[in-house]
Structures are given as structure tokens and as C-alpha cells.
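Report on one structure; see the data block that follows.
This is how it looks when you write it as C-alpha cells:
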């Protein structure tokens, strides 16, 4: 009886051991963050291509994408970008609005709070 229990416990542990040995597949590190932008006053929606490491100006904002990651095609879809977003006003120092990761699948998870602008991640891709 004890041998049967030990055998059953051993068999139940096999799937978890096999799963533990599967190495994690790293996300793809891509060169360009594709962002969506909304000017709430004019209702203008734009698509922004932000190359990693290069500042991009959109309206009164400056956006710097520091990293852009995308899951591999065989996994659940997800794109995420690490962004710095600054508001630029003439004659005033730049004001930091957002610094952190934004996720395409959950834009409200780490949203930028601003009265005029909304920015969200759409995708990541290689530079052309």
C-alpha cells in the first residue's frame, strides 16, 4: 500500500519537474516603439514611431523610448516599452510626465496622466 502511494506521488510530480526544466524564452528586443497619441483638445489621433534612444517630439511632448520588448510569436501577444515623456512649454523647463513601462495589452495599468495628451503602446518592431 505504501509503495503504491509513493509511486502515485512520484508520477504526479513528473509533470511539474518537466515544466520546471523548460527554459524561459527571452522576449524580442526591438529598435522602434510604435505608440498611439491623442490630443484631447483637437481629437487628433496620431501614430508615433519612436526609435529606441532617440527623442521624438509630438505636439508639446518629447518622448524617449529606452527599450521596446515584444513576446515571441508562439507566446501570448504582448509589447511593452520603457518610456520617458516630457512636456515642453516655451520659456519653461521641461516637466517630466511619465517614466516607466507601458504595456500594449493593458494601457490603463501604467497610464500617463495628462489633461491634454494620452500616449499608449501599440507595438514594437525592428528599424527599417
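In our numbering, the protein residues as written are 1 to 128.
Don't be surprised by glycine CBs; every beta carbon is placed ideally from N, CA and C.
### Task
Kindly indicate which three-state DSSP category residue 95 falls into: helix, strand or coil?
strand
### Query
beta strand (DSSP E) containing residue 55: first to last residue?
Residue range 55 to 58 is occupied by the beta strand (DSSP E) that includes residue 55.
### Task
Enumerate in chain order the residues of its own chain whose CB-to-CB distance from residue 123 is below 6 Å, with the five nearest sequence positions on each side excluded.
34 and 79
### Query
Which residues in the same chain have their Cβ closer than 6 Å to the Cβ of residue 71, if we skip the five residues on either side of it in sequence?
27 and 78
### Query
Can we say the segment 101 to 119 touches the segment 40 to 60, given the rule of at least three CB pairs closer than 8 Å?
yes
### Message
Could you compute how far the alpha carbon of residue 108 sits from the alpha carbon of residue 37?
### Response
14 Å
### Identity of the residue in 39, 51 and 46 nearest residue 196 by Cα
One cannot answer for residue 196 here, as it falls past the ends of the chain, which runs 1 to 128.
### Message
Quick check on residue 50 - is its C-beta less than 9 Å from some C-beta in chain B?
### Response
Absence of chain B from the displayed structure is noted, only one protein chain being present.
### Length of the line joining the Cα atoms of residue 81 and residue 54
13 Å
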